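Undergrad: Numbering (this note's numbering), first residue to last: 64 to 635.
Before we start, here is the structure in question, set down as structure tokens.
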Amino acid sequence: MARILITSALPYINGIKHLGNLVGSQLPADLHARYMRARGHEVLFICATDEHGTPAELAAAKAGEPVAEYCARMWRVQKDIADGFRLSFDHFGRSSSDRNRRLTQHFAERLAAAGLIDEVMERQVYSKADGRFLPDRYIEGTCPNCGYEKARGDQCENCTKQLDPTDLINPRSAISGSTDLEVRETKHLHLRQSAMRAHLREWIDTREGWPILTTSIARKWLDDGEGLQDRSITRDLDWGIPVRKGEKAWPGMEGKVFYVWFDAPIEYIAATAEWADAHGLGEEGWRRWWRADEGAGDVRYTQFMGKDNVPFHTLSFPATLMGSAEPWKLVDYIKSFNYLNYEGGKFSTSSGRGVFMDQALEILPADYWRWWLLSNVPESSDSDFTWESFQNGVNKDLADVLGNFVSRITKFCRSRFGEALPEGGAPGPEETELAVELSRRLAEYERAMEAIEVRRAAQALRAIWVAGNEYLQRAAPWTKVKESPEEAAMIVRTGLNLVRLYAILSRPFIPDASGAMLTALGLPENEPWPESAEAALAALPPGHAFTTPDVLFAKLDDERREALEARFAGKG
RNA sequence: GGGCCCGUAGCUCAAUGGUCAGAGCAGACCGCUCAUAACGGUUUGGUUGGGGGUUCAAGUCCCUCCGGGCCUACCA
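Have a look at this one:
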């Protein structure tokens with residue numbers, strides 16, 4: 064039994080996430096966690112909301128709430144939706160937790176002690192009307208290059224030229240529109256990533272089997288221009304973790320907070336501590352997952368994230384951990400994903416284009432989404448959600464192949480033998496052939512799941528479902544029952560054992576349908592992973608009672624699909 | 001501007017430099033009648049974006065062109 068630590072990139076607190084956010088980190092992380100648990104490993108699956116930063120402050124202001132209350136409310140909303148999708152976090156924490164405050168301040172102290180923090184005077188734009196410093200993106204003005212009037216302080220969207228806020232003509236606050244801006248001096252802490260460049264490079268270069276998407280992004284940042292740059296890790300904001308040196312004040316940094324990208328990854332650790340606190344496990348309870356000197360030496364740690372998160376997880380966060388000179392657990396494998404598009408374009412929060420997590424659950428149960436999203440996860444390149452593809456995947460894979468298989472075998476048994484596994488007959492060549500086929504498919508499924516090759520795993524699982532239909536077609540119990548009821552009984556027993564097998568194997572993908580199958584068979588949820596295909600085909604003995612389940616998956620008809628297409632097409 | 005990824009059947013995707021480039025869906029034909037008009041079998045369909053090169057051998061490696069996407073750090 065191995066110890067598996069899994070973290071999903073933290074969803075930002077600001078609003079409900081769309082399907083692209085879900086499929087890019089939380090959902091595949093959940094698949095991995097569920098599989099590893101099913102295989103009997105000790106799994107700890109951690110996620111949390113990422114709550115600090117300017118957007119949270121602005122969203123709270125817009126909602127007319129204090130930011131702390133806004134975040135608490137949105138945490139609850141995101142937690143409920145995550146539960147709705149059956150995301151099996153062991154803990155869903157908050158980056159605003161006291162644990163994270165203490166750990167973040169601890170890391171800052173350690174980094175300072177190691178000489179890896181510089182105090183730097185910066186010149187930043189301050190808006191008197193807004194009463195705050197403005198991040199580059201929140202300053203708008205006319206582009207000096209192309210004359211576009213809504214260029215942002217970091218880049219002009221029109222001509223894509225990189226800008227500095229002071230380049231803009233007629234700059235104004237993107238928040239209030241105020242032009243009463245001034246450049247002020249303000250002191251910030253910089254993490255000396257440049258000093259750790261060689262160390263980070265060696266670490267990246269020695270990672271084996273990492274996705275090219277992950278390593279190429281890391282190398283780009285290590286080598287681009289003059290190499291890895293020092294970055295500011297503090298901000299002039301109210302909402303965030305106060306800048307302190309551990310428990311002590313940090314002279315000259317009063318009123319400032321740590322930058323959200325500094326504290327967010329630390330929340331992986333902090334959320335583990337929150338989990339340990341919630342379960343009364345004490346300090347040792349979480350440190351055995353994170354400290355190599357306190358038991359984490361045998362932990363395998365995998366992170367899941369979208370490609371936009373890769374630089375922070377390959378460079379800044381490792382720099383924080385390494386720079387502390389303490390034996391913190393570093394990530395063993397980073398699984399990164401491309402983006403999911405919506406009907407050929409981007410998901411858009413502002414124009415209501417695409418499906419958001421809460422809406423998805425109103426339309427269809429979680430399993431439908433889980434199956435389509437995971438079997439079409441943007442693993443090797445960006446992928447595209449279309450209602451047509453979704454309809455096809457749901458109807459063909461779930462309803463026709465799996466759902467109908469369960470339906471045909473349970474109903475046939477009920478009508479000919481009653482609702483219990485019938486007795487008689489002995490397995491023959493057809494069953495041997497089935498077992499050989501299943502063994503092969505099962506090995507491929509397990510290999511893909513171990514390697515976190517999500518699409519391939521989905522394909523392998525589907526092939527296992529198909530094998531059941533092939534078998535029934537070959538064995539044809541509806542014909543055999545007339546001449547040899549005992550043989551038909553044996554075929555039906557085999558078929559019902561396939562339902563059990565499918566429930567176990569499919570659970571990481573479609574936990575609710577899996578549960579429905581096990582319930583129908585009168586079995587508990589924790590049925591063990593099969594030792595072998597042969598054994599699985601005879602796991603349930605003759606006489607074992609079942610109830611014929613309702614339709615597992617309803618089909619999505621054309622009319623409804625068209626209505627959904629229209630509903631989510633967006634305003635613009 | 002710089003960098004990275006991708007381009008394979010009508011669609012979505014596979015193929016450690018090595019048999020005849022394979023699956024699913026869609027299409028065509030046949031079979032079955034247990035089942036959610038479901039299932040199974042057979043089958044059509046490819047100058048692997050274009051051009052050059054390396055090699056006994058290239059979808060795969062190199063050069064170049066074309067097309068698409070992403071990243072480029074103070075929104076996350």
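All residues carry an ideal CB built from backbone N, CA and C; glycine is no exception.
Source: prediction; values computed, not measured.
Note down, in chain order, each residue of its chain lying with its Cβ closer than 8 Å to the Cβ of W266, except the 5 sequence neighbours on either side.
TA: For the purposes of this step, residue 266 is taken as the residue at position 203 of the first sequence. Closer than 8 Å at Cβ, skipping near neighbours: P381, M385 and L393.
Undergrad: What does the Cβ neighbour count give for R537, buried or exposed, with the cut at 16 atoms within 10 Å?
TA: Walking along the first sequence from the start, residue 537 turns up at place 474. R537 sits exposed, since fewer than 16 C-beta atoms from the chains shown fall within 10 Å of its C-beta.
Undergrad: Quick one: what's got a C-beta closer than 8 Å to L584's C-beta in the same chain, skipping five residues either side?
TA: On the first sequence, position 521 is the one that residue 584 refers to. Once the five neighbours on either side are set aside, the close Cβ partners of L584 are L559, V562, R563, A566, L603, H607 and F609.
Undergrad: For L615, report the span of its alpha helix (DSSP H) as first-last.
TA: Residue numbering aside, residue 615 sits at position 552 when the first sequence is read from its first letter. Where L615 is concerned, there is no enclosing alpha helix (DSSP H), given that its DSSP letter is neither H nor E.
Undergrad: Is L254 near I296, with beta carbons less than 9 Å apart?
TA: Residue numbering aside, residue 254 sits at position 191 when the first sequence is read from its first letter. Residue numbering aside, residue 296 sits at position 233 when the first sequence is read from its first letter. Contact annotation: L254 and I296 have beta-carbon atoms nearer than 9 Å.
Undergrad: Mapping the DSSP letters down to three states, classify V320 as helix, strand or coil.
TA: By 1-based counting over the first sequence, the position of residue 320 is 257. In the structure shown, V320 sits in a strand (DSSP, three-state: E or B).
Undergrad: Kindly list the residues whose CB is nearer than 6 Å to the CB of R162, restricted to its own chain and excluding five residues on each side of it in sequence; keep chain order.
TA: Sequence index remark: in the first sequence, residue 162 carries index 99 (1-based). So the qualifying residues of the chain are A333, A336 and E337.
Undergrad: Going by DSSP, name the residue or residues bridged to E248.
TA: Counting from 1 along the first sequence, the entry for residue 248 is found at position 185. Residue pairing by DSSP puts E248 in a beta bridge opposite R186.
Undergrad: Thinking just about the alpha-carbon of each residue, which of G343, A124 and H115 is nearest to the one in W138?
TA: To locate residue 138, count along the first sequence from 1; it is residue 75. Considering only alpha carbons, the answer is H115.
Undergrad: Need the endpoints of the beta strand (DSSP E) that L68 sits in, please.
TA: By 1-based counting over the first sequence, the position of residue 68 is 5. Residues R66 to S71.
Undergrad: To the nearest angstrom, how far is it from the Cα of G635 to the Cα of V614?
TA: Here residue 635 is taken as the residue at index 572 of the first sequence, counted from 1. Here residue 614 is taken as the residue at index 551 of the first sequence, counted from 1. For G635, the predicted structure reports a pLDDT of 46, less than 50, and the residue's modelled location is therefore unreliable. A value from the coordinates is still provided. Computed Cα separation, rounded: 38 Å.
Undergrad: Suppose you measure from the CA of G481 to the CA of A617; what does that come to, to the nearest Å?
TA: Counted from its first residue, the first sequence places residue 481 at position 418. Counted from its first residue, the first sequence places residue 617 at position 554. If you take the alpha carbons of G481 and A617, they lie about 25 Å apart.
Undergrad: Run through DSSP, which three-state label would T383 get?
TA: For the purposes of this step, residue 383 is identified with residue 320 of the first sequence, where counting begins at 1. T383: helix per DSSP, three-state reduction.
Undergrad: Reducing DSSP to helix, strand and coil, say where G210 ends up.
TA: As a position in the first sequence, residue 210 is number 147, starting the count at 1. DSSP places G210 in coil when its eight states are reduced to three.
Undergrad: With the cut-off set at 9 Å, would you say E182 and L94 are in Cβ contact?
TA: Here residue 182 corresponds to residue number 119 of the first sequence, with the count starting at 1. Here residue 94 corresponds to residue number 31 of the first sequence, with the count starting at 1. For E182 and L94, no; Cβs fall outside 9 Å.
Undergrad: Taking all protein chains shown into account, decide if T277 is buried (16 or more other Cβ within 10 angstroms of its Cβ) or exposed.
TA: Taking the first residue of the first sequence as 1, we reach residue 277 at position 214. Per the 10 Å Cβ criterion, buried.
Undergrad: Among residues of its own chain, excluding the 5 on either side of Y98, which ones have a beta-carbon nearer than 7 Å to its beta-carbon?
TA: Position 35 of the first sequence, counted from the start, is the residue given in the question as residue 98. Cβ neighbours of Y98 beyond the five flanking positions: M512 and P571.
Undergrad: Taking the straight line between their C-alpha atoms, what separation do you get for E451 and S241?
TA: In the first sequence, counting from the first residue as 1, residue 451 sits at position 388. In the first sequence, counting from the first residue as 1, residue 241 sits at position 178. Going from the Cα of E451 to the Cα of S241 covers about 46 Å.
Undergrad: Go ahead and label H262 buried or exposed: buried means 16 or more other beta carbons lie within 10 angstroms of its beta carbon, across all protein chains shown.
TA: As a position in the first sequence, residue 262 is number 199, starting the count at 1. So H262 ends up on the exposed side.
Undergrad: Where do the N-terminal and C-terminal ends of the beta strand (DSSP E) with V106 fall, by residue?
TA: By 1-based counting over the first sequence, the position of residue 106 is 43. From DSSP, the beta strand (DSSP E) with V106 extends over E105 to T112.
Undergrad: Does the Cβ of G531 have 16 or more other Cβ atoms within 10 Å, making it buried, or fewer, making it exposed?
TA: The count along the first sequence starts at 1 and reaches residue 531 at position 468. With 16 or more other Cβ atoms inside 10 Å of its own Cβ, G531 counts as buried.
Undergrad: If you count every other CB in all the chains shown that lies within 10 Å of the CB of N84, and 16 or more means buried, which is it?
TA: If you number the first sequence from 1, residue 84 lands on position 21. N84 should be labelled buried.
Undergrad: Check whether the segment 459 to 477 and the segment 492 to 502 are in contact - that is, three or more C-beta pairs closer than 8 Å.
TA: no
Undergrad: Assuming Q256 is part of the alpha helix (DSSP H), what are its boundary residues?
TA: Along the first sequence, read from residue 1 onward, the residue named residue 256 stands at position 193. Taken as a continuous stretch (DSSP letters only), Q256 belongs to no alpha helix (DSSP H), as it is neither H nor E.
Undergrad: Starting from E550, trace the beta strand (DSSP E) in both directions and tell me its first and last residue.
TA: Within the first sequence, numbered from 1, the residue matching residue 550 stands at position 487. From DSSP, E550 is part of no beta strand (DSSP E) but of the alpha helix (DSSP H) over P548 to S569.
Undergrad: Can you name the start and end residues of the beta strand (DSSP E) that K398 belongs to?
TA: For the purposes of this step, residue 398 is taken as the residue at position 335 of the first sequence. From DSSP, the beta strand (DSSP E) with K398 extends over Y396 to F400.
Undergrad: Can you give, in chain order, each stretch of the alpha helix (DSSP H) that sits fully within the segment 469 to 521 and has at least 4 residues?
TA: The segment 469 to 521 contains these whole alpha helix (DSSP H) runs: 492 to 513.
Undergrad: Whose CA, out of A96, L179, F367 and D199, lies closest to the CA of Q187?
TA: One-based indexing of the first sequence puts residue 187 at position 124. When each option's Cα is compared against that of Q187, the closest is D199.
Undergrad: Since L90 sits in a beta bridge, which residues does DSSP pair it with?
TA: Taking the first sequence and counting its residues from 1, one reaches residue 90 at position 27. Paired residue(s): none; L90 is not in a bridge.
Undergrad: With distances taken between CB atoms, is the gap from P605 to E486 smaller than 9 Å?
TA: For this step, residue 605 is matched to residue 542 along the first sequence. For this step, residue 486 is matched to residue 423 along the first sequence. Contact: yes.
Undergrad: Ends of the beta strand (DSSP E) at Q366?
TA: Here residue 366 refers to the residue found at position 303 when the first sequence is read from its first residue. V362 to G369 is the span of the beta strand (DSSP E), which, as asked, contains Q366.
Undergrad: From the DSSP secondary-structure annotation, give me the bridge partner or partners of H154.
TA: The count along the first sequence starts at 1 and reaches residue 154 at position 91. Bridge partners of H154: I109.
Undergrad: Enumerated in chain order, which unbroken segments of the alpha helix (DSSP H) with a length of 4 residues or greater are wholly contained in the segment 403 to 432?
TA: 420 to 426, all fully within the segment 403 to 432.
Undergrad: For W391, which of L166, V140 and Q89 has the nearest alpha-carbon?
TA: Taking the first residue of the first sequence as position 1, residue 391 is located at position 328. Ranked by Cα distance from W391, the first of L166, V140 and Q89 is L166.
Undergrad: Indicate whether I69 and A92 have their beta-carbon atoms separated by less than 9 Å.
TA: Here residue 69 refers to the residue found at position 6 when the first sequence is read from its first residue. Here residue 92 refers to the residue found at position 29 when the first sequence is read from its first residue. Yes, they are a contact pair.
Undergrad: With H, G and I counted as helix, E and B as strand and the rest as coil, what does DSSP make of G635?
TA: The residue labelled residue 635 in the question sits at position 572 within the first sequence. Legend: pLDDT at G635 = 46, less than 50; position of this residue unreliable, value from coordinates given subsequently. For G635, the secondary structure class from DSSP, reduced to helix, strand or coil, is coil.
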